[in-house]
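Everything in the sequence shown is counted per numbering that gives the first Met the number 0, starting at 0 for the first residue and increasing by one. Glycine included, every Cβ here is placed at the ideal spot set by N, Cα and C. So the structure is just underneath, and the comments pick up after that.
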Amino acid sequence: MYITLTDGQSVTIIWGWILVSCISMCIAASLAEICAVFPTAGGVYYWSAMLSTRKYAPIASWITGWLTLVGNWTVTTSINFSGGQLILSTIALWREDWAPNEWQTILMFWCVMVVCMLVNIFGSKYLDMINKICIYWTASSVFIIMVTLLAMADTKRNGEFVFTHYDASSSGWPDGWAFFVGLLQAAYTLTGYGMVASMCEEVQNPEREVPRAMVLSVLAAGVTGVIYLIPLLFVLPPVESLLGVANGQPIGLLFKTVTGSAAGGFGLLFLVLGILFFAGVGALTAASRCTYAFARDGAIPGSRIWSQVNPKLDMPVYGLFLSTTVCCLLGLIYFGSSAAFNSFTGVATICLSTSYALPIMISLIRGRKLVKGSPYSLGRFGFAINMVTMVWIWLAIVLFCMPVSLPVKADGMNYASVVFAGFTAISAGWYFIKGRKVFTGPPVINEIAEDKVF
Numbered sequence: 000m001y002i003t004l005t006d007g008q009s010v011t012i013i014w015g016w017i018l019v020s021c022i023s024m025c026i027a028a029s030l031a032e033i034c035a036v037f038p039t040a041g042g043v044y045y046w047s048a049m050l051s052t053r054k055y056a057p058i059a060s061w062i063t064g065w066l067t068l069v070g071n072w073t074v075t076t077s078i079n080f081s082g083g084q085l086i087l088s089t090i091a092l093w094r095e096d097w098a099p100n101e102w103q104t105i106l107m108f109w110c111v112m113v114v115c116m117l118v119n120i121f122g123s124k125y126l127d128m129i130n131k132i133c134i135y136w137t138a139s140s141v142f143i144i145m146v147t148l149l150a151m152a153d154t155k156r157n158g159e160f161v162f163t164h165y166d167a168s169s170s171g172w173p174d175g176w177a178f179f180v181g182l183l184q185a186a187y188t189l190t191g192y193g194m195v196a197s198m199c200e201e202v203q204n205p206e207r208e209v210p211r212a213m214v215l216s217v218l219a220a221g222v223t224g225v226i227y228l229i230p231l232l233f234v235l236p237p238v239e240s241l242l243g244v245a246n247g248q249p250i251g252l253l254f255k256t257v258t259g260s261a262a263g264g265f266g267l268l269f270l271v272l273g274i275l276f277f278a279g280v281g282a283l284t285a286a287s288r289c290t291y292a293f294a295r296d297g298a299i300p301g302s303r304i305w306s307q308v309n310p311k312l313d314m315p316v317y318g319l320f321l322s323t324t325v326c327c328l329l330g331l332i333y334f335g336s337s338a339a340f341n342s343f344t345g346v347a348t349i350c351l352s353t354s355y356a357l358p359i360m361i362s363l364i365r366g367r368k369l370v371k372g373s374p375y376s377l378g379r380f381g382f383a384i385n386m387v388t389m390v391w392i393w394l395a396i397v398l399f400c401m402p403v404s405l406p407v408k409a410d411g412m413n414y415a416s417v418v419f420a421g422f423t424a425i426s427a428g429w430y431f432i433k434g435r436k437v438f439t440g441p442p443v444i445n446e447i448a449e450d451k452v453f
C-alpha cells in the first residue's frame with residue numbers, strides 16, 4: 000500500500016490495478032494457449048523446452064527453470080517478510096511513535112519463516128485442508144473488513160477522490176513515470192496464475208480445464224481487487240498521516256483510524272495476518288517443490304542432496320531447508336536497505352514474469368506454428384496478445400528495479416537489480432561449470448521439432 004500511496008494514490012491504486020489486471024489477462028491467455036497444447040505440470044519450464052528446437056531446448060529450460068526457482072524463493076521471502084513487519088506493526092497500534100529496528104525486523108521474519116517451515120514438515124498431510132481453510136478465511140476476511148470499514152467510518156471520501164485523485168508529489172518522479180513505478184504492487188499481487196499449470200496431472204481434460212482456470216483466476220482476482228479497493232479508498236484517512244507512520248506499515252493505522260480504537264484495528268489486522276500466514280505456508284510449499292523438481296534434473300549445485308525425498312514424511316525436506324535458508328539470507332538485505340520489501344517484490348515479479356515471457360517469446364520467434372492447433376486458440380488476435388505480453392514484461396523489468404521515490408540514498412535503494420544479477424551470475428556460473436555438460440532439460444513428452452529457426 001505504501002508504494003501506491005507514494006506514486007499516485009487513488010488513480011494508481013484503482014486504474015493501475017485495472018490496467019495490470021488487463022495485461023495479466025493477456026499473459027494468462029498466452030500461457031493458456033500453450034498449456035492447451037502441452038498440458039503438463041512442469042509448466043513454463045517444460046513449455047520452453049517443448050517449443051524450442053532440440054538444440055536450444057536445454058538452455059531454454061535452464062533459463063526458465065532458474066527464473067521460476069528464484070521467483071518462488073523471492074515471493075516466499077516477500078510474503079513472510081511483510082508478515083513479520085505487520086506483526087511488529089501491531090505494537091504501534093498502542094504506541095504510535097514506536098518503530099522496530101533492523102534486528103527486531105529480521106528476527107521476526109526468521110521466526111515467521113521457521114513457523115512456515117515447521118507447518119510444511121509436520122503438517123504436510125494436512126496441506127489440502129489448510130488450503131481449503133485459506134479460501135474460506137480469505138473470502139470471509141475481505142467481506143468482514145469491507146463491511147466494518149464502511150459501517151464504522153465517521154467520514155467518507157467522495158467519488159472524485161476515489162476515481163480521479165492523483166498526487167505523486169511524494170515520489171519525486173515525474174507524474175507519468177510515477178504511475179508506472181506504482182504498478183509494482185498490482186503486478187506483484189497478480190503473478191501466481193502460471194502456477195495453475197501444476198494442476199495438469201490432477202484434473203480430467205487438462206487441455207481445456209487448466210487453461211480456462213488460468214484465465215479465470217486472473218479475472219476473479221482482478222474483480223475481487225476492485226471490489227476490495229474501492230471501499231478502502233472511500234474511508235482512506237489523510238494520506239500524509241499514512242505515509243508518515245513510524246513503522247512504515249500504514250494499513251494498521253488505517254484500520255485503527257476508521258474503527259476508532261487500537262483493539263478494533265488489531266481485530267482487522269489479525270484477519271490480514273491470517274491471510275499472510277496461509278500465503279506464506281503455501282508459497283514455501285511451492286518453493287520447496289520447485290527446488291526439488293529442478294534439483295532432480297541436476298540444475299542446482301548440490302542437486303543430489305536437494306532432490307532427496309524423506310521416506311517417512313514423503314516430502315523433499317532438504318529442498319524445504321534450502322528454500323527456507325535462501326529466504327532467510329535474502330532477508331539480510333534489510334540491514335542495507337529499509338526498502339528491502341520492494342526489492343523482494345521487484346525480483347519476484349521480474350523473475351516470474353520473465354519466466355512466463357520466455358515460452359511465449361519462443362513461440363513468437365517460431366511463428367506460433369506449434370500453437371496453431373491449440374484447443375484454446377487465440378486465433379487472429381494471438382500475435383497481438385503475445386506482443387502486448389512481451390512489451391509489458393520487458394518494460395516491467397526496468398520499472399520494478401526503480402526506487403519508489405527520489406532522491407535515493409543507500410538505505411532506501413531498491414536492490415532488485417542486485418539480487419537479480421546475483422542469481423543470474425550463480426545460474427550462469429553453474430551452467431558453464433556443469434550444466435552444459437550434463438543438463439539435458441526436462442524429459443519432454445513430445446518430439447521436439449528439428450527446425451532450426453533460431
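Residues bridged to residue i [DSSP beta-bridge criterion]
{"i": "G372", "result": "Paired residue(s): none; G372 is not in a bridge."}
{"i": "D166", "result": "G7"}
{"i": "N309", "result": "M314"}
CB of residue i within 9 Å of CB of residue j, strictly
{"i": "W136", "j": "F343", "result": "no"}
{"i": "C350", "j": "T67", "result": "yes"}
{"i": "G259", "j": "M151", "result": "yes"}
{"i": "V325", "j": "W109", "result": "no"}
{"i": "I105", "j": "F340", "result": "no"}
{"i": "I392", "j": "Y355", "result": "yes"}
{"i": "Y44", "j": "A409", "result": "no"}
{"i": "I359", "j": "S51", "result": "no"}
{"i": "P249", "j": "L30", "result": "no"}
{"i": "C34", "j": "P205", "result": "yes"}
{"i": "V161", "j": "I229", "result": "yes"}
{"i": "S169", "j": "S416", "result": "no"}
{"i": "M389", "j": "L363", "result": "yes"}
Whole-Å CB distance - residue i paired with residue j, under 8 Å assumed
{"i": "M107", "j": "G70", "result": "M107 to G70, Cβ: 24 Å. No contact."}
{"i": "F438", "j": "W61", "result": "6 Å"}
{"i": "A167", "j": "G7", "result": "5 Å"}
{"i": "W65", "j": "S322", "result": "Not really, about 14 Å apart at Cβ, beyond 8 Å."}
{"i": "L92", "j": "A261", "result": "4 Å"}
{"i": "T348", "j": "Y187", "result": "5 Å"}
{"i": "V280", "j": "C115", "result": "5 Å"}
{"i": "D296", "j": "P441", "result": "6 Å"}
Residue burial classification, residue i (beta-carbon count within 10 angstroms, cutoff 16)
{"i": "A424", "result": "exposed"}
{"i": "E449", "result": "At E449, the pLDDT of 45 sits below 50, so the modelled position is not reliable; the number obtained from the coordinates is stated separately. Exposed, by the Cβ-count rule."}
{"i": "V113", "result": "exposed"}
{"i": "A420", "result": "exposed"}
{"i": "R379", "result": "exposed"}
{"i": "Y1", "result": "buried"}
{"i": "R94", "result": "exposed"}
{"i": "A28", "result": "buried"}
{"i": "L394", "result": "exposed"}
{"i": "L357", "result": "buried"}
{"i": "N130", "result": "exposed"}
{"i": "Q184", "result": "buried"}
{"i": "K371", "result": "exposed"}
{"i": "W46", "result": "buried"}
{"i": "K124", "result": "exposed"}
{"i": "A59", "result": "buried"}
Rounded separation between residue i and residue j - CA only
{"i": "F454", "j": "T3", "result": "Given that the chain is displayed from residue 0 to residue 453, the structure contains no residue 454 and the question cannot be resolved."}
{"i": "L252", "j": "L148", "result": "13 Å"}
{"i": "S336", "j": "P402", "result": "11 Å"}
{"i": "W97", "j": "L241", "result": "15 Å"}
{"i": "V10", "j": "F233", "result": "13 Å"}
{"i": "A286", "j": "G434", "result": "21 Å"}
{"i": "N413", "j": "C400", "result": "6 Å"}
{"i": "I12", "j": "V222", "result": "14 Å"}
{"i": "I78", "j": "R53", "result": "38 Å"}
{"i": "S373", "j": "E32", "result": "6 Å"}
{"i": "W176", "j": "P310", "result": "53 Å"}
{"i": "E239", "j": "L189", "result": "27 Å"}
{"i": "Y317", "j": "A40", "result": "22 Å"}
{"i": "L272", "j": "I132", "result": "14 Å"}
{"i": "K436", "j": "A294", "result": "16 Å"}
{"i": "A220", "j": "R303", "result": "38 Å"}
{"i": "I17", "j": "L215", "result": "15 Å"}
{"i": "L283", "j": "R207", "result": "28 Å"}
{"i": "F80", "j": "V111", "result": "8 Å"}
{"i": "V407", "j": "D127", "result": "44 Å"}
Neighbour flag for residue i against chain B, beta carbons, 9 Å
{"i": "G281", "result": "Absence of chain B from the displayed structure is noted, only one protein chain being present."}
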